[in-house]
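The block underneath contains the structure these notes are about, expressed in structure tokens.
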Amino acid sequence: MIITAELAQHIVDNIMPLVQQNINIMDSAGVIVGSGQKSRLNTYHQGAMEVIRSGQVVEIFPEDMERYPGALPGLNWPIVLGSQVVGAVGVSGHPDKVRNTTKLVKMVTELILERENLVEEFRANLQLREQFMQHVLSDRYQDNAIVKTAKLLRFSLNLPRLVAVVSVGLIIRDACNQYGVHDLVALRTRETLAQLLEHSSLLDSQDLFVFFEDELVILKQFPADAGEAEFYQWGSAILSLLGGPQQQGLRMGLGSFTGSPAELHESYKEALFSQNNKMDGTAVASIYDFDILVDYLIKEPGAIHSCLALKKLKDLILAQLDRKYDMRNTVNALLDNNLNVSSAAKALFVHRNTLVFRLEKLKELTGLCPSQSLNHAMLCRILFSY
2 MIITAELAQH
12 IVDNIMPLVQ
22 QNINIMDSAG
32 VIVGSGQKSR
42 LNTYHQGAME
52 VIRSGQVVEI
62 FPEDMERYPG
72 ALPGLNWPIV
82 LGSQVVGAVG
92 VSGHPDKVRN
102 TTKLVKMVTE
112 LILERENLVE
122 EFRANLQLRE
132 QFMQHVLSDR
142 YQDNAIVKTA
152 KLLRFSLNLP
162 RLVAVVSVGL
172 IIRDACNQYG
182 VHDLVALRTR
192 ETLAQLLEHS
202 SLLDSQDLFV
212 FFEDELVILK
222 QFPADAGEAE
232 FYQWGSAILS
242 LLGGPQQQGL
252 RMGLGSFTGS
262 PAELHESYKE
272 ALFSQNNKMD
282 GTAVASIYDF
292 DILVDYLIKE
302 PGAIHSCLAL
312 KKLKDLILAQ
322 LDRKYDMRNT
332 VNALLDNNLN
342 VSSAAKALFV
352 HRNTLVFRLE
362 KLKELTGLCP
372 SQSLNHAMLC
382 RILFSY
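Residue 2 is where the sequence shown starts when you use this note's numbering, and the numbers rise one by one after that.
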């Protein structure tokens, strides 16, 4: 860690009034970067350099002054972070009189620097996570940049995931109403929410989250065979964690379950849309909700060709129902006959009960019931028109 002049002087200014002795803090080059004697700033301290090279305490008695030009009597101790000497701290005075004071100053200085180092690492990691999220959720997927950043984060790109979006604006506004409108209040509120998530069993090392202003975005992995019920259950648990039992009016949107990082952008778009276009009073809204899905396909340009939830639904129907039950022609006949089952059966040259049986199979497998729901009928039209 590099000891900056700003941080060193901050430490000196806060400790000196307590110990009533001059304090010097030297960087790894032996230069005084913090001192109660401003005239000594940016000057070389030979005693400190010996401390840094040897890792041992250097005591300067009055009779040793000739050996250390420009120095004053006192004690100089190494500043150690981890196993590395990163600088030295000195307290002016007779070594026998300032020994305990110097030990205390050294300990406090190391604690402050250690905390600052952790904060810097956290900020760097946070910035890296935000950068990664911006890349991976962008509509311009840059494979090299994403792979490189993922390695730095030790984040596996090849796990099946979905994107969840939570609006935490209500929580932040409640905090501002209680403590005053201030950027620091919003920042501390996000940090509190982040700590809840980081210490929760609902997320693990291969999940990732960031805050974009009032928006919490989560990349959540699930087993490859996970289904919608698991997604909803997890989403509800996250909202309870963040907002308590009442969930404070929180809303979550869930995008499609993806198999590759290149699909996360689409899942993010779907999650945003789901969150902002809930069809009922539920707190967790998913693109797998047929009403939301139809609305998304109609309102979002190009969604018919890119929506992962639609593709999954179509593949499921074609793989398990189309060949055996002629499902494409069955549904299209129903739609072409204004959802009249009897007319559709005549058009297909099948018994009405045969058509009803086929539609029951469709409902059993997918939940779609085009003869009873306009949105389901619209979704079926989309499914079998492309």
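Ideal Cβ positions, reconstructed from N, Cα and C, are used throughout, including at glycine.
Model, not experiment: these values are computed from the prediction.
Is residue i helix, strand or coil by DSSP?
| i | result |
| --- | --- |
| Ile3 | coil |
| Thr259 | strand |
| Gly250 | helix |
| Gly88 | strand |
| Ala227 | coil |
| Ala346 | helix |
| Val404 | A question about residue 404 goes unanswered here, because the residues of the chain that appear run from 2 up to 387. |
| Gln399 | Residue 399 is absent from the structure shown; the chain starts at 2 and stops at 387. |
| Ser307 | helix |
| Ala187 | helix |
| Leu273 | helix |
| Ser237 | helix |
| Leu163 | strand |
| Val169 | coil |
| Ser287 | strand |
| Ser268 | helix |
Between the beta-carbon of residue i and the beta-carbon of residue j, is there less than 8 Å?
| i | j | result |
| --- | --- | --- |
| Val166 | Val218 | yes |
| Ile239 | Leu203 | yes |
| Leu171 | Gly236 | no |
| Leu163 | Gly256 | yes |
| Asn15 | His46 | no |
| Val284 | Ile293 | Looking at the sequence itself, residue 284 is Ala, so the reference to Val does not match. No. Outside cutoff. |
| Arg130 | Leu158 | no |
| Arg252 | Ser168 | yes |
| Leu242 | Leu209 | no |
| Leu356 | Thr331 | yes |
| Lys362 | Tyr326 | yes |
| Thr150 | Phe123 | no |
| Gly56 | Ala72 | no |
| Pro302 | Phe223 | no |
| Glu271 | Ile288 | yes |
| Ile305 | Leu311 | yes |
| Val87 | Ile12 | no |
| Phe291 | Asn354 | no |
| Phe212 | Arg191 | yes |
| Leu322 | Leu366 | yes |
| Leu138 | Tyr269 | yes |
| His352 | Ala345 | no |
| Ser93 | Gln22 | yes |
| Gly465 | Leu273 | Past the edges of the chain, shown from 2 to 387, lies residue 465, and the structure says nothing about it. |
| Thr314 | Ala378 | Reading off the sequence, residue 314 comes out as Leu, not Thr. Against a cut-off of 8 Å, the Cβ pair of Ala378 and Leu314 comes out as no contact. |
| Phe156 | Gln234 | no |
Let me confirm a value: residue i is counted as buried when at least 16 other C-beta atoms fall within 10 Å, else exposed. Which label applies?
| i | result |
| --- | --- |
| Gln276 | buried |
| Lys152 | exposed |
| Pro262 | buried |
| His136 | buried |
| Ala89 | buried |
| His266 | buried |
| Gly75 | buried |
| Glu199 | exposed |
| Ala30 | exposed |
| Gly91 | buried |
| Leu188 | exposed |
| Ile53 | buried |
| Ile299 | exposed |
| Lys107 | buried |
| Val295 | buried |
| Leu384 | buried |
| Ala125 | exposed |
| Pro70 | exposed |
| Lys221 | buried |
| Leu119 | exposed |
For the ligand GDP, any of its heavy atoms closer than 7 Å to the Cβ of residue i?
| i | result |
| --- | --- |
| Asp65 | In the structure shown, the ligand GDP is absent, as is every other ligand, since no ligand is present at all. |
Of all the CB atoms in chain C, is at least one closer than 8 Å to the CB of residue i?
| i | result |
| --- | --- |
| Asn43 | Going by chain labels, chain C is absent from the structure shown, which holds only one protein chain. |
_Start-end ranges of the alpha helix (DSSP H) lying completely within the region 23-86, minimum 4 residues_ = Listed in chain order, they are 47-55.
*Touch check for the region 218-229 and the region 101-109: three-plus C-beta pairs under 8 Å?*
Verdict: no, contact absent.
*Specify whether the region 361-380 and the region 334-342 touch according to this definition: at least 3 beta carbon pairs, one from each stretch, less than 8 Å apart.*
Using a Cβ-Cβ distance cut-off of 8 Å, the region 361-380 and the region 334-342 are in contact, since at least three pairs of beta carbons, one from each stretch, lie closer than that value.
*Should the region 30-37 be called in touch with the region 61-73, which here means at least 3 C-beta pairs below 8 Å?*
Flag = no, the region 30-37 and the region 61-73 do not touch.
*Below 8 Å, can you find three or more Cβ-Cβ pairs linking the region 72-89 to the region 114-128?*
Judged by pairs of C-beta atoms under 8 Å, the region 72-89 touches the region 114-128, as three or more such pairs exist.
_For a minimum of 4 consecutive residues, which ranges assigned as the alpha helix (DSSP H) are wholly contained in the region 352-376?_
Within the region 352-376, the complete alpha helix (DSSP H) runs of at least 4 residues are 353-367.
*asked:* Just to confirm the assignment: which complete beta strand (DSSP E) runs, minimum length 3, are found wholly within the region 187-223?
replied: Whole beta strand (DSSP E) segments, 3+ residues: 209-213, 216-222.
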